[in-house]
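In our numbering, the protein residues as written are 313 to 604. Backbone N, C-alpha and C define an ideal beta-carbon position, used for all residues, glycine too. Remember, predicted model here, so these are calculated numbers, not experimental data. Here is the structure we will look at.
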Amino acid sequence: MTSLPEGPYTNPAIARPLDPSATPSSKISCRRLAKVFENVGRTRGGFAALSDVNLEVREAEFLSIVGPSGCGKSTLLNIVGGHVRPTAGVVTVDGQPVSGPSKRVGMVFQSFGLFPWRTVAGNVEFGPRVAGLPVDECREISIRYIRLVGLERFVHAYPKQLSGGMKQRVALARALANDPEILLMDEPLGSLDAQTRETLQDEVARIWADTRKTIVFVTHNIDEAVVLGDRVAVMTGPPGRVIELIEVDLPGAREPAARRYSPRLLEYKSHIWDLIRRAGATLPGAAYGGVV
Ligand SMILES: Nc1ncnc2c1ncn2[C@@H]1O[C@H](COP(=O)(O)OP(=O)(O)OP(=O)(O)O)[C@@H](O)[C@H]1O
Ligand SMILES: [Mg+2]
313 MTSLPEGPYT NPAIARPLDP SATPSSKISC RRLAKVFENV GRTRGGFAAL SDVNLEVREA
373 EFLSIVGPSG CGKSTLLNIV GGHVRPTAGV VTVDGQPVSG PSKRVGMVFQ SFGLFPWRTV
433 AGNVEFGPRV AGLPVDECRE ISIRYIRLVG LERFVHAYPK QLSGGMKQRV ALARALANDP
493 EILLMDEPLG SLDAQTRETL QDEVARIWAD TRKTIVFVTH NIDEAVVLGD RVAVMTGPPG
553 RVIELIEVDL PGAREPAARR YSPRLLEYKS HIWDLIRRAG ATLPGAAYGG VV
C-alpha cells in the first residue's frame, strides 16, 4: 500500500489547494465566512467560532465535513441553512445570497426533532401541509418517502414506539418530503450503534444516488466521511476553518459496502488524522479509531 504524502496540498490527486473564488458550477458558495459569538461570558470581545471559511459545494455533490468537537461544523451548517447570520462573509446558493431559512434547503439533526404527538406519517407530511398542498397529495408524498426509508410498516406509529435508527429515518424522510435541493445533515447518525449506523449509511448513499440532492454531511467519524463523500472538507478550530478539501477516489463506485473495505480508506484516514493532529487539535476520541 502506498502511503499518502506528508502535508497538505502536496499530492494533487487527493488534496487540492483551497480556492476562495467561487466557481460557476458551485451550488453553495461560502466566501470569507467568519462568526463571532458575542456575550458568551468567557472571552471579552466575543468568541470566534469561524474565521475565513471558504468552501464551494458542487451541484449534486456529497460533501462530508469532518473535524474535532467545537471546531464550528454546526455553526457553519447553520449559516449555510440561513439559521445563523455570519459576522462577515457571504453564503450563496445558486449565486443568490442566503438571508434566512429556505424550503430549498433541508436540515437533518442528530436530535431528530420529531413531533412526539404526531405519527410517522404526520411527521413526514408536516412540511407539505405547511406548504399548503392538498391533503391527498401530502399523504401521497409522505408514503413515498416513508417507503424510501423503509418504514412502511410504521406509518401509524408514534416516535416513542420507534428505535433511534427508525427515528433517524423518519427525520430523513421528513426533510426529503419538502423536496429540498440541498440537504444539510449535522451528525445525523451520531447517536446510533455501529451496525445501525452502517445500515443507515447505506441508505443515505442510496437516497443520494436516487435523488441527486446536494448533500453536506457533518460527522465526527472519519471513516463515515470518506465512505460517503465525493469530497471531504477537513476543519479545525476554533476559530473554525477548512484546512483541506480532499477528493475521494475509492473503488466500488458509490457503494459504501465496497468502499468500507478498501485499503485506500486507511490511507485517507491516516492523512486526515495527520492533518488534524498537525493543526494542533485535541483528539478526544483517538481511542475509538476514526472518531475525532
Ligand atoms: N449560540 C452560541 N453562542 C455562543 N457560542 C456558541 C454558540 N454556538 C456555538 N458556539 C461556540 O462555537 C464553537 C463552535 O461550536 P459548534 O457547535 O459549531 O462546533 P461543532 O464543530 O459543531 O462541535 P461538535 O462536533 O461538538 O458538535 C464552540 O466553541 C461553541 O461553544
Ligand atoms: Mg456540532
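Considering only C-alpha positions, which residue in the set the options is nearest to residue i?
i: Pro568; options: Gly379, Val392, Ala537 and Phe466; result: Ala537
i: Glu371; options: Glu493, Gly541, Gly549 and Ala570; result: Glu493
i: Leu460; options: Val546, Pro446 and Val516; result: Val516
i: Phe349; options: Gly444, Glu368 and Pro398; result: Pro398
i: Val528; options: Val369, Val365 and Ile555; result: Val369
i: Gly466; options: Ala545, Gly434, Glu373 and Glu556; result: Here residue 466 is Phe; the residue named in the question, Gly, does not match the sequence. Of the listed residues, the one whose Cα sits closest to Phe466 is Gly434.
i: Ser414; options: Gly357, Arg343, Gly439 and Leu504; result: Gly439
i: Val546; options: Glu579, His583, Arg524 and Thr526; result: His583
i: Leu367; options: Gln513, Val436, Leu345 and Thr508; result: Leu345
i: Glu373; options: Leu501, Arg589 and Leu496; result: Leu496
i: Pro471; options: Lys525, Val432 and Lys385; result: Val432
i: Pro551; options: Asp364, Val447 and Cys342; result: Asp364
i: Ala523; options: Gly394, Gly358, Asp491 and Thr508; result: It is Thr, not Ala, that sits at residue 523 in the sequence shown. The option with the nearest alpha carbon to Thr523 is Asp491.
i: Lys385; options: Leu578, Ile588, Arg589 and Val554; result: Val554
i: Gly425; options: Pro500, Glu449, Leu504 and Gly412; result: Pro500
Quick check: is the beta carbon of residue i nearer than 8 angstroms to any beta carbon in chain B?
i: Phe374; result: Absent from the structure is chain B; it holds one protein chain and no more.
If residue i sits next to residue j, beta carbons under 8 angstroms apart, how far is it from one beta carbon to the other, in whole angstroms?
i: Thr387; j: Val378; result: The pair is not a contact, with the Cβ atoms about 15 angstroms apart (cut-off 8 angstroms).
i: Ala521; j: Arg566; result: 6 angstroms
i: Lys347; j: Ala361; result: 5 angstroms
i: Thr548; j: Ala591; result: 4 angstroms
i: Gly541; j: Ser376; result: 3 angstroms
i: Asp561; j: Leu389; result: At roughly 25 angstroms, the Cβ-Cβ gap does not stay under 8 angstroms, so Asp561 and Leu389 are not in contact.
i: Arg543; j: Leu557; result: 6 angstroms
i: Glu437; j: Ile453; result: 7 angstroms
In the DSSP assignment, what residue or residues form a beta bridge with residue i?
i: Phe529; result: Ser376 and Met497
i: Phe349; result: Phe359
i: Ala400; result: Ala346
i: Met547; result: Val554
i: Leu445; result: Leu445 pairs with nothing; no bridge assigned.
Flag residue i as yes when its Cβ comes closer than 7 angstroms to any non-hydrogen atom of ligand 3, and as no otherwise.
i: Phe466; result: Among the ligands modelled here, namely ligand 1 and ligand 2, ligand 3 does not occur.
Q.
Counting beta carbon pairs with one atom in the stretch 469-481 and one in the stretch 524-537, are three or more of them shorter than 8 angstroms?
A. Result no; under three Cβ-Cβ pairs closer than 8 angstroms.
- Query: Is it a yes or a no for the stretch 483-492 touching the stretch 408-422, going by three-plus beta-carbon pairs under 8 angstroms?
  - Reply: Note that the stretch 483-492 touches the stretch 408-422; at least 3 beta-carbon pairs, one per stretch, sit closer than 8 angstroms.
| At least 3 beta-carbon pairs within less than 8 angstroms: the stretch 401-408 vs the stretch 440-459 | Verdict: no, contact absent.
Lining residues of ligand 2 - beta-carbon closer than 7 angstroms to any non-hydrogen atom, in sequence order:
In chain order, the residues positioned with their C-beta nearer than 7 angstroms to some heavy atom of ligand 2 are Lys385, Ser386, Asp498, Glu499 and Val530.
Within 8 angstroms, do at least three Cβ pairs link the stretch 517-524 to the stretch 557-577?
Here the stretch 557-577 makes contact with the stretch 517-524; the two share three or more CB pairs at distances below 8 angstroms.
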